[in-house]
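Protein chains: 2
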Amino acid sequence: MDLLKERILRDARVIGDDIVKVGSFVNHMVDPVLMSLAGKEFARAFRGEGITKVLTVETSGIAIASFVALELGVPFIFAKKYSARNLDSDVYEAEIFSYTKNSGIIIRVSKDYLSRGDKVLIIDDFLANGQALLGLIKICTLAGAKVSGCGVLIEKAFQPGGEFIRSRGVRLESLAIISSIKNGDIIFK
Amino acid sequence: MDLLKERILRDARVIGDDIVKVGSFVNHMVDPVLMSLAGKEFARAFRGEGITKVLTVETSGIAIASFVALELGVPFIFAKKYSARNLDSDVYEAEIFSYTKNSGIIIRVSKDYLSRGDKVLIIDDFLANGQALLGLIKICTLAGAKVSGCGVLIEKAFQPGGEFIRSRGVRLESLAIISSIKNGDIIFK
C-alpha cells in the first residue's frame, strides 16, 4: 500500500536497527483516513473467504479492525490483555510474550463470541516476533474456528513472526513489509 | 439514538441494579455498523465546533473515536493506560480511579500530539462516575487545549459522572441515557 509506505518514510521515527515508531499516525495518535483505507485493502484481499468475524487484540489493532469489519459487514472482537471485573470468566486464553512490555501476558476472548463455524480474519498493526498473531491463532483453534488469514499493517521481515505465520500455512497479507533498517533508513521489501 | 437504545434493550445484560454489560456489541465484540452510526451522530453534533482532535482512552472508546475522527476529518488520540517501552517519556498524565479494576491508574498522552490551539472532542463508550472523562479533561487542560465537548455512547444518569461534567460547563452529548435499572429492566431518560 503505497500511501502507507510513503507515510512511514515521512513520519515514522527509527530507533537503532529495529524499532520503528509510528505513534503519530498508528498507535497513539491515529490517522483515521489511513486506517480506513487499510481497512478497505484488507476487506478487498479477504472478501472471497466468507469471513464471519474479525479478531484483533487490544489496543493498536482496534482502529484498523473497526474499518475492516465495517467493510466486510461482520462484527469484530478484540481480545483482552488486561483482566477486568467486567470480563466473563468463561474465556479462551493464550499466553504470549510481549517484547514491548518485556513480560508474558495472557490474552482472552469470551467463549460467547467465537465458535466452531466462524471464519476469522486476524488483524494487527505490527508483525515482528508474531506473538500476538500466534496467540490469536491459538484462541481460534481452541474455539474450533477457522483462521482464514491474517492482515497486518506493518511487517518487520527481519524479525521471525512473518515466517512463523506463513510456515503454518496461514495466509498473511502485510500492507508494508520492512526488509531492513540501515543507518536509520527504512528499506521496504 | 433510537437504534442504540433498541440494541441495549435487546442485547445488554443487566447485573444487579447498576451494571449493564454490552460486551456483545460495544466493548468486547463490537458492531462496526452501530459504532459508525454513533460516530456520524457525534460528528453531526460537534461539526460546528472546529474540532482539531478527537481524544479517547484505551480501549473501548477507540472504535467510536475512529469513526468520529474519520467523519470530522481530524486525527484521534488514545490516551494510554498501561506503561509500555514504546511510549515517549514526555507526557501529560492524569490519575483516575478505575471502578472496573478497583484501583488507581495513570493515563498518559504524549506532549507531541496535543497542544495549545487544539479544540478537542472527548469520546468514550460509558459514562458512570466520570473518572475517564475527567482525566482526559485534565490532560487537555495541562496541554492548554480547549475541550469543545464530550460524547459518550451510554450514560448511566444514576451515577454522578454526567453531573460532574455538566457542572464544569462542558458540553456533554450522550447517545443513550439510562436513568435507572429496576428489577433487571433498563429505563431510559
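Chains A and B are the protein sequences, given in the same order.
Yeah, the first sequence ends on 188 if you go by numbering that gives the first Met the number 0, and it's all consecutive.
Yeah, the second sequence ends on 188 if you go by numbering that gives the first Met the number 0, and it's all consecutive.
Virtual Cβ for every residue (Gly too), placed ideally from N, Cα, C.
Contacting residues, own chain, Cβ-Cβ under 8 Å from residue i (five flanking each side not counted)
| i | result |
| --- | --- |
| Ala142 of chain A | Tyr91, Val108, Lys110, Leu113, Ser114, Arg115 and Asp117 |
| Arg46 of chain B | Leu71 |
| Lys145 of chain A | Asp117, Lys118, Val119 and Cys139 |
| Glu48 of chain A | Lys118, Leu120, Ser147 and Gly148 |
Nearest-angstrom Cα separation, counted from residue j out to residue i
| i | j | result |
| --- | --- | --- |
| Met34 of chain A | Lys39 of chain B | 17 Å |
| Lys188 of chain A | Ser173 of chain B | 46 Å |
| Glu5 of chain B | Ala42 of chain B | 21 Å |
| Ser88 of chain B | Gly148 of chain B | 28 Å |
| Ala44 of chain B | Ile176 of chain A | 40 Å |
| Leu193 of chain A | Lys20 of chain A | The structure shown does not extend to residue 193 of chain A, since chain A spans only 0 to 188, so no value can be given for it. |
| Leu189 of chain A | Asp30 of chain B | This structure does not reach residue 189 of chain A, given that chain A is present from 0 up to 188, and the question cannot be answered. |
| Ile185 of chain B | Ser166 of chain A | 50 Å |
| Lys80 of chain A | Lys137 of chain A | 15 Å |
| Ser97 of chain A | Ala131 of chain A | 8 Å |
| Glu94 of chain B | Leu152 of chain A | 32 Å |
| Ser102 of chain B | Glu57 of chain B | 16 Å |
| Arg9 of chain A | Met0 of chain A | 14 Å |
| Gly15 of chain B | Gly161 of chain B | 21 Å |
| Leu2 of chain B | Asp124 of chain A | 31 Å |
| Phe163 of chain B | Val32 of chain A | 34 Å |
| Val13 of chain A | Asp17 of chain B | 47 Å |
8 Å Cβ cutoff met for residue i and residue j
| i | j | result |
| --- | --- | --- |
| Ile106 of chain A | Ala78 of chain A | yes |
| Val25 of chain B | Ser65 of chain B | no |
| Leu120 of chain B | Val67 of chain B | yes |
| Thr55 of chain A | Phe75 of chain A | yes |
| Asn182 of chain A | Pro159 of chain A | no |
| Ile63 of chain A | Ala37 of chain A | yes |
| Leu126 of chain A | Lys155 of chain A | yes |
Close beta carbons around residue i, own chain, < 7 Å, minus the five adjacent residues each side
| i | result |
| --- | --- |
| Met28 of chain A | Gly22 |
| Ile61 of chain B | Thr55 and Phe77 |
| Ser179 of chain A | Phe157 and Ile186 |
| Val73 of chain B | Ile50, Thr51, Lys52 and Val53 |
6 Å Cβ shell around residue i - same chain, five flanking residues per side excluded
| i | result |
| --- | --- |
| Gly150 of chain B | Phe41, Ile122 and Glu172 |
| Ala11 of chain B | Val19 and Val21 |
- With 9 Å as the C-beta to C-beta threshold (strictly closer), list the residues of the region 21-45 of chain A near chain B in chain order. Gly22, Ser23, Phe24, Asn26, His27, Met28, Val29, Asp30, Pro31, Val32, Met34 and Ser35
- Return the residues of the region 136-165 of chain A that lie within a Cβ-Cβ distance of less than 7 Å from chain B, sorted by chain order. none
- chain C contacts from the region 87-115 of chain B (Cβ-Cβ distance under 9 Å): The chain labelled as chain C is not found among the protein chains of the depicted structure, namely A and B.
- Using a Cβ cut-off of 7 Å, which residues of the region 54-65 of chain A contact any Cβ in chain B, in chain order? Glu57, Thr58, Ile61, Ala62 and Ser65
- Message: Threshold first: 3 residues or longer. Then list the beta strand (DSSP E) segments lying entirely within the region 36-108 of chain B, N to C.
- Response: Restricted to the region 36-108 of chain B, the beta strand (DSSP E) segments that are unbroken, complete and at least 3 residues in length are 52-56, 75-78 and 90-97, listed in chain order.
- Of all the beta strand (DSSP E) runs that stay within the bounds of the region 108-182 of chain B, which reach a length of 3 or more residues? 118-126, 145-155 and 171-181
- Item | Where the region 170-185 of chain A meets chain B: residues whose CB sits under 8 Å from a CB there | none
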